[in-house]
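Q: Under mature numbering (1 follows the signal peptide of the UniProt record, and there is no 0), residues -19 to -1, 1 to 168 are what the sequence shown spells out, in order. Positions of the beta carbon are idealized from the N, C-alpha and C atoms, including for glycine. As the structure is a computational prediction, the values presented were derived from the model and not from experiment.
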Amino acid sequence: TPVLLCLVCLVGGFGAVLAGPIRKTGSMEGKAAPQEEVNVLTFGVIQLSESLNYVFETTEAKMERISKTLKSREETLQQLGQQTEQAAEVEQQIKVVVQLLQVGAGINAHLQILKGLQTWNKIQKKDIETQDEQLSKLQKMVTCWFNTFHMQNLLYLFISIKNVVCFCVSFRVKLCHSSFKTHQFIE
């Protein structure tokens, strides 16, 4: 295709030369062009073909460099795409680790609360045991006091009964004595 391009340009150049107006002078009619003009034209055609060849070669070299650069850029883009995917995977893994750490921190906080509750529970058990001991002592004291009070009341009751009995006996004796006196007096 580069050779075809050169030929098209060359033919187009000749067509432009041929399409231009030609002056006809009386002295040149029927005569061939001088050798010097042919040489100049041939040299111009050679220079034009060399220039076209140079343009073709440099264009081909540029196209090859551009192609290599594009391939390099495509490889770089693919690598960047892979690195982006890897970074996304790493980011996801980091999120999972952060969530696990947060869960672990929550578990540690709950564990601390649980330990605190266990300690509080032990303290409450000791308090309950102490209160049970105090209640037991109090029950013993109340029982002892009740028994003592009951015994005292019984003692007071017995004393009161004795006093009543003594009074009754004394009263009866007095009554009897009085009645005896009255009876003696009446007789």
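CA-CA distance, residue 137 and residue 118?
A: Going from the Cα of residue 137 to the Cα of residue 118 covers about 27 Å.
Q: Give the straight-line distance between the Cα atoms of residue 144 and residue 134, rounded to the nearest whole angstrom.
A: Near 14 Å, if we compare the C-alpha coordinates of residue 134 and residue 144.
Q: Given this structure, state the Cα-to-Cα distance separating residue 62 from residue 33, to the nearest angstrom.
A: The straight-line gap from Cα to Cα measures roughly 42 Å.
Q: Kindly list the residues whose CB is nearer than 6 Å to the CB of residue 83, restricted to its own chain and excluding five residues on each side of it in sequence; keep chain order.
A: Closer than 6 Å at the Cβ level, and outside the excluded window around residue 83, lies no residue.
Q: Report the rounded CA-to-CA distance for residue 29 versus residue 19, giving the unit in angstroms.
A: Taking the straight line joining both Cα atoms gives about 15 Å.
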